[in-house]
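Here is the structure we will look at, set down as structure tokens.
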Amino acid sequence: MLLSVLSAAGTDPDDKSTSKPPTFEDAQESATNAASWVEQNWSTWLGIGLRIVLIVAIAVVLRVIVRRAITKLIDRMNRTAQAVDGTALGGLLVNVERRRQRSQAIGSVLRSVASFLILGTAALMILGTFEINLAPLLASAGVAGVAIGFGARNLVTDFLSGVFMILEDQYGVGDSIDAGVASGEVIEVGLRVTKLRGDNGEIWYVRNGEVKRIGNLSQGWSTAGVDVTVRPDEDLDKVKEVLAAVGETMAKDEPWNERLWGPVEILGLDSVLLDSMVVRVSAKTMPGKSLGVERELRWRIKRAFDEAGIRIVGGLPLAAEETAADPTAGMAAPSAYASTTSPQSLASAPIPPPNLAK
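Heads up: the sequence shown is residues 1 to 358, going by full-length UniProt numbering.
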């Protein structure tokens, strides 16, 4: 500021050739010029400052309002999940913990996107108040975005796939899924990578962009199927009666009355062979509980069949009838060479030497 004032007064501070010192009139004139310059531009500065303050204030208030609205929306989703938890509808959907994790992930993504859009727009408006040409900046940002998109297309694909996976609720923590490249229980869901624990305890890191299809074994309901193989001469009416009694008893016992979502149905004969016939039994269960129901059904069916005297194929063999031992069973067949007068023996006898005395 001092240099500008001195320059306006016509005095160069670096000029050594001038030996005339500045006078009081020169200083008074420079101060008058500086005061007039400030008086002419203070309104512009004030306008720019007020515009920046207004832009920042609006951006901050709008960001707070949007984030609170998103938070209220997520809380309402959680309350809806808690209202249906423990009911049949809640079982068909998802549990509270999974809905909470999904809603938190969606809320985090929405809040981040809203903050980025609001603050980015505010920053561009502030730069515009200083009369900065934003066209080169926006063009450079567009070129940089295209370059980054081509260089990190796999990362962008993984991120977008993760966002849509969370929004569509394809799977969540605790679900058993078949992702094609790997299968197991979901232990962590991210926007880029999903972590699965396999049947042998291994952990699979699956990129969301590599998943082409998802088989969720934990949503909706499962089906428990048991094949009962019995002898072909068993009474089918008796077999059906015993199986029906087993299903009714199991549906009333704890904890199977909660895991069974429907009656145990006897579908009928699945196959009939010469030495066996297969009766198919099925039941609708909670998701992920079909294996336990199948094991319990086999246990109860085996005990009920033993009590009813129904033989299952693969049990103890029938006792063989005792017969008299054949004394010639261990003897070899007689040979034709055993008799010296047989044609075989005569043909194999040595030729006698000729009689030279004759």
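All C-beta atoms, glycine included, are put in the ideal place defined by N, C-alpha and C. Keep in mind the model is a prediction, meaning the values are calculated, not measured.
First and last residue of the uninterrupted alpha helix (DSSP H) at residue i
i, result
"Asp237", "236-252"
"Lys302", "290-308"
"Val163", "153-168"
From the options, residue whose alpha carbon lies closest to that of residue i
i, options, result
"Ser115", "Thr223, Leu62, Ser161", "Leu62"
"Ser290", "Asp306, Leu260, Leu273", "Leu260"
"Tyr205", "Val186, Arg311, Ser112, Leu167", "Val186"
"Ser218", "Gly288, Arg311, Ala308", "Gly288"
"Phe159", "Thr285, Gly142, Val193, Ile214", "Val193"
"Ile70", "Gly107, Glu188, Val272", "Gly107"
"Leu243", "Asp253, Trp256, Asp233, Val226", "Val226"
"Gly201", "Asn216, Ser183, Lys212", "Ser183"
"Pro263", "Leu119, Arg111, Lys284", "Lys284"
"Met250", "Pro232, Glu294, Trp221, Ile312", "Glu294"
"Gln170", "Leu134, Thr44, Ile65, Asn216", "Asn216"
"Lys302", "Thr229, Met286, Met277", "Thr229"
"Arg102", "Gly172, Arg231, Ala179, Gly142", "Gly172"
"Ile312", "Pro232, Ala141, Met125, Met286", "Pro232"
"Gln104", "Met125, Leu124, Lys72", "Lys72"
"Arg68", "Ile118, Asp175, Trp221, Arg111", "Arg111"
"Leu269", "Asn257, Trp256, Leu236", "Leu236"
"Gly190", "Thr223, Leu124, Val109", "Val109"
"Leu155", "Glu254, Met277, Glu210, Thr223", "Glu210"
Per DSSP, cross-strand counterpart(s) of residue i
i, result
"Lys195", "Glu188, Tyr205"
"Ile266", "Val281"
"Asn216", "Ile177"
"Ser108", "DSSP output for Ser108 lists no bridge partner at all."
"Leu260", "Thr285"
"Val272", "Met277"
"Ser30", "DSSP lists no partner for Ser30."
"Ser183", "Asp178"
"Ile312", "Val230"
Extent of the continuous beta strand (DSSP E) to which residue i belongs
i, result
"Gly225", "222-230"
Anticipated Cβ contact below 8 Å, residue i with residue j, distance rounded
i, j, result
"Thr157", "Ile48", "With 8 Å as the limit, Thr157 and Ile48 do not qualify as a contact, their Cβ atoms being about 43 Å apart."
"Ile166", "Ile214", "Wrong, their Cβ atoms sit about 13 Å apart, outside the cutoff."
"Ile266", "Lys238", "Actually they do not touch by this definition, with Cβ atoms about 13 Å apart."
"Ala59", "Ile118", "5 Å"
"Ile126", "Ile52", "6 Å"
Outcome for residue i when other beta-carbon atoms lying within 10 angstroms are tallied against a minimum of 16
i, result
"Ala245", "exposed"
"Asn208", "buried"
"Ala319", "Note that Ala319 scores a pLDDT of 47, beneath 50, so its modelled location is shaky; the value from the coordinates is reported in the next line. The residue is exposed, with fewer than 16 neighbouring Cβ atoms inside 10 Å."
"Phe164", "exposed"
"Leu138", "exposed"
"Leu273", "exposed"
"Ala57", "exposed"
"Gly247", "buried"
"Glu234", "buried"
"Leu297", "buried"
"Glu307", "exposed"
"Thr87", "With a pLDDT of only 48 at Thr87, under the threshold of 50, the placement of this residue in the model should not be trusted, and no figure is reported."
"Arg79", "exposed"
"Arg300", "buried"
"Ile74", "buried"
"Ala144", "exposed"
"Gly134", "A small fix is needed here, since residue 134 is Leu in this sequence, not Gly. When all chains shown are included, Leu134 counts as exposed."
"Gly120", "exposed"
"Ser4", "Note that Ser4 scores 47 on pLDDT, short of 50, meaning its location in the model is unreliable and no value can be drawn from it."
"Ala122", "buried"
"Asp275", "exposed"
"Trp45", "exposed"
"Ser43", "exposed"
"Val281", "buried"
"Asp175", "buried"
"Leu196", "buried"
"Ser161", "buried"
"residue 410", "Residue 410 is absent from the structure shown; the chain starts at 1 and stops at 358."
"Ala141", "exposed"
"Ala152", "exposed"
"Ser271", "exposed"
Within-8 Å CB hit, residue i to chain C
i, result
"Ala308", "As a matter of chain content, chain C is missing from the structure shown, which is built from one protein chain."
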